[in-house]
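*Asks:* Mind having a look at this structure? Questions to follow.
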Amino acid sequence: MKIKHLFMIMVFPLLLQAASFGLSVPVGIVDYEDLSYGSFGDERAIYEYRYGTGVGVVIDTNVAKEKTFGYRLALEYTASDLHSTGRESVTSLRRNKFDIVNTFAFGVVQEPNFKWWVGPRINIQWVKTSGGDVSYQNSWGFGVAAATGVNYKVAKRVALATDIEYHGNMMFGGESYQDDFSVFFGTTTGATVRFYLLFVFEEEPKVLSESLDSDDSF
Numbered sequence: 002m003k004i005k006h007l008f009m010i011m012v013f014p015l016l017l018q019a020a021s022f023g024l025s026v027p028v029g030i031v032d033y034e035d036l037s038y039g040s041f042g043d044e045r046a047i048y049e050y051r052y053g054t055g056v057g058v059v060i061d062t063n064v065a066k067e068k069t070f071g072y073r074l075a076l077e078y079t080a081s082d083l084h085s086t087g088r089e090s091v092t093s094l095r096r097n098k099f100d101i102v103n104t105f106a107f108g109v110v111q112e113p114n115f116k117w118w119v120g121p122r123i124n125i126q127w128v129k130t131s132g133g134d135v136s137y138q139n140s141w142g143f144g145v146a147a148a149t150g151v152n153y154k155v156a157k158r159v160a161l162a163t164d165i166e167y168h169g170n171m172m173f174g175g176e177s178y179q180d181d182f183s184v185f186f187g188t189t190t191g192a193t194v195r196f197y198l199l200f201v202f203e204e205e206p207k208v209l210s211e212s213l214d215s216d217d218s219f
């Protein structure tokens, strides 16, 4: 089965349950990559990336409904530049990161047009980095995050949202450095803020007037 077919099988049921869709703008505050090179991790390097920005598409099952639980799926691209590293001969790197961000949000404060939530995230990422003597540094990653955020409906069909997370990912991949290839594994930790513009189409408040009128008639 092709990957795109598997992706559609996973995403299509979510689209049927989605209450809103829209755009996300991720802003990476800081990311630390701690990588070990070679089959036994003989060499180690730490990379610091700051202020990465990007764009994504998002669907959400519960922006400001009465239900406590909501699920948010975001597909995002983020680009960032190397801020610092202790690795010799590496002075500039450009990192391109693609994320599948799964958010499981539990409402703490819920009002008709407002929701503050907390919850865990599961992140799947693919990273392609290059620059200088590094021809490429490609990796896959999987991890979790703790997140909190707010949703606010500014109009009947429009909502704004923001959240912040602290994440930790395991990653592994391969690198071509000065024409030498090596495998690596390690971790990524950091913090990201996201901003959302959501278009709501499935969140109507419950109408109780008819039932109240019927009770008054007796």
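So the sequence shown is numbered by this note's numbering: it starts at 2 and just counts up by one. We treat Cβ as the ideally placed atom computed from N, Cα and C, and that holds for glycine. In this text, all values refer to a predicted model and were calculated from it rather than measured experimentally.
#1: If the criterion is Cβ atoms closer than 8 Å, does the pair ILE47 and THR79 meet it?
#2: May I have the straight-line CA-CA distance separating ILE165 from VAL184, to the nearest angstrom?
#3: Which ranges does the beta strand (DSSP E) cover as unbroken runs of at least 3 residues, wholly within the segment 53-95, from first to last along the chain?
#4: Is VAL194 near ILE30, with beta carbons less than 8 Å apart?
#5: When you compare only the Cα positions, how much space is there between ASP32 and HIS168?
#6: I'd like to check one pair, TYR137 with LEU161: are the Cβ atoms closer than 8 Å?
#7: What's the C-alpha gap between GLY175 and THR130?
#8: Whole angstroms are fine: how far does the CA of ARG73 sit from the CA of ASN152?
#9: Drop a sphere of 10 angstroms on the beta-carbon of SER215, count the other beta-carbons inside from all chains shown, and report buried for 16 or more, exposed for fewer.
#10: Which class does ASP134 belong to by DSSP, given the choice of helix, strand or coil?
#11: Exposed or buried, ALA65, counting other C-beta atoms within 10 Å across all chains shown (16 or more means buried)?
#12: Please confirm if PHE22 has its CB atom under 8 Å from at least one CB of chain B.
#13: For LEU122, which of helix, strand or coil comes out of DSSP?
*Replies:* The relevant details are as follows:
#1: no
#2: 32 Å
#3: 70-86
#4: yes
#5: 9 Å
#6: no
#7: 11 Å
#8: 12 Å
#9: Any reading at SER215 must be qualified, since the residue scores a pLDDT of 45, below 50, and its modelled position is unreliable; no value is offered.
#10: coil
#11: buried
#12: Protein chain content of the structure displayed is limited to a single chain, and chain B is not contained in it.
#13: In the sequence under discussion, the amino acid at residue 122 is Arg, which differs from the Leu named in the question. If DSSP states are grouped into helix, strand and coil, ARG122 belongs with the strands.
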